[in-house]
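**Q** All residue numbers for the sequence shown refer to our numbering, where the first residue is 143 and numbers rise by one.
Backbone N, C-alpha and C define an ideal beta-carbon position, used for all residues, glycine too.
Below are the structure tokens for one structure; questions will follow.
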Amino acid sequence: MKCPIGRYIVTTIHDVENFLALHRIAMVGVSRNPKDFSRLLFREMCDRGYDMVPINLGADEIDERECFHSLQAVKEPVEGVLVMTPFHATLQVVQDCAAAGVRKVWIYRAGGKGAVSPEAIAFCKGNGIRVVDGHCPFMFFPETKFVHRVHGLLQKITRRYPAAA
Numbered sequence: 143m144k145c146p147i148g149r150y151i152v153t154t155i156h157d158v159e160n161f162l163a164l165h166r167i168a169m170v171g172v173s174r175n176p177k178d179f180s181r182l183l184f185r186e187m188c189d190r191g192y193d194m195v196p197i198n199l200g201a202d203e204i205d206e207r208e209c210f211h212s213l214q215a216v217k218e219p220v221e222g223v224l225v226m227t228p229f230h231a232t233l234q235v236v237q238d239c240a241a242a243g244v245r246k247v248w249i250y251r252a253g254g255k256g257a258v259s260p261e262a263i264a265f266c267k268g269n270g271i272r273v274v275d276g277h278c279p280f281m282f283f284p285e286t287k288f289v290h291r292v293h294g295l296l297q298k299i300t301r302r303y304p305a306a307a
């Protein structure tokens, strides 16, 4: 992917591992619909021991956790943010991350555009925010389901899987 500032943005496996080593992560854009993919990922991360903080403008609670309407409303700081918003909202989310002092961001994508926005990625790079540009966290979990392992394999075959640092 080429960002507007003319450099290629490459997520490394080191970036992925650093993000997944965090403990307290906000998920911006987690759905109110319990069957939505973002909710499946949210629950999986909770089950794997992450202290997940849901952020959704239209919810007060997600999976029995207090849901915040913005990153600035979160009472205790988070170490990272997983962005699950439509791509046109992502720039504002990463600007909120910078304002909140969050320096590690994962901008989700499994297919299509996902949350990835070239402007948001350029903003992250220009403001010292480590960013995982696209990809689905499920692909990187140990002992993940078969479909996610196949997704990771396809990413490797097509050379879209994060490279070694």
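If I measure Cβ to Cβ from residue 201 and keep anything under 7 Å in the same chain, skipping five residues before and after, which residues do I get?
**A** In the sequence shown, residue 201 corresponds to position 59, counting from 1. For residue 201, where only same-chain residues beyond five positions count, the Cβ hits under 7 Å are 174 and 209.
**Q** Would residue 222 and residue 258 be called neighbours here (beta carbons separated by less than 8 Å)?
**A** To locate residue 222, count along the sequence shown from 1; it is residue 80. To locate residue 258, count along the sequence shown from 1; it is residue 116. Not closer than 8 Å, so no.
**Q** How about residue 155 and residue 220: are their beta carbons less than 8 Å apart?
**A** Taking the sequence shown and counting its residues from 1, the one referred to as residue 155 is at position 13. Taking the sequence shown and counting its residues from 1, the one referred to as residue 220 is at position 78. Cβ atoms of residue 155 and residue 220: not closer than 8 Å.
**Q** For residue 170, does the count of other Cβ atoms within 10 angstroms reach 16, so buried, or fall short, so exposed?
**A** Position 28 of the sequence shown, counting from 1, holds the residue named residue 170. Buried, since its Cβ has 16 or more Cβ neighbours within 10 Å.
**Q** Since residue 164 contacts residue 280 with CB under 8 Å, what's their CB separation in whole angstroms?
**A** Residue numbering aside, residue 164 sits at position 22 when the sequence shown is read from its first letter. Residue numbering aside, residue 280 sits at position 138 when the sequence shown is read from its first letter. Here residue 164 is actually not in contact with residue 280; their C-beta atoms are around 16 Å apart, not less than 8 Å.
**Q** Along the chain, where does the beta strand (DSSP E) containing residue 222 start, and where does it finish?
**A** Counting from 1 along the sequence shown, the entry for residue 222 is found at position 80. 222 to 225 is the span of the beta strand (DSSP E), which, as asked, contains residue 222.
**Q** Between residue 203 and the rest of its own chain, which residues show a CB-CB distance below 7 Å, the 5 nearest in sequence each way excluded?
**A** As a working mapping, residue 203 is identified with position 61 in the sequence shown. If we look at residue 203 and ignore the five residues flanking it on each side, its Cβ neighbours are 209.
**Q** Report the three-state DSSP secondary structure of residue 308 (helix, strand or coil).
**A** Residue 308 is absent from the structure shown; the chain starts at 143 and stops at 307.
**Q** With a CB to CB cut of under 7 Å and the five nearest residues on each side skipped, what residues in its chain are close to residue 245?
**A** Looking up residue 245 in the sequence shown gives position 103. Cβ contact annotation for residue 245 (same chain, cutoff 7 Å, sequence separation greater than five): 270, 271 and 272, in chain order.
**Q** Could you check if residue 211 is buried or exposed, using at least 16 other CB atoms within 10 Å of its CB as the buried criterion?
**A** By one-based count along the sequence shown, residue 211 stands at place 69. For residue 211, the number of other beta carbons within 10 angstroms of its own is below 16, and it is reported as exposed.
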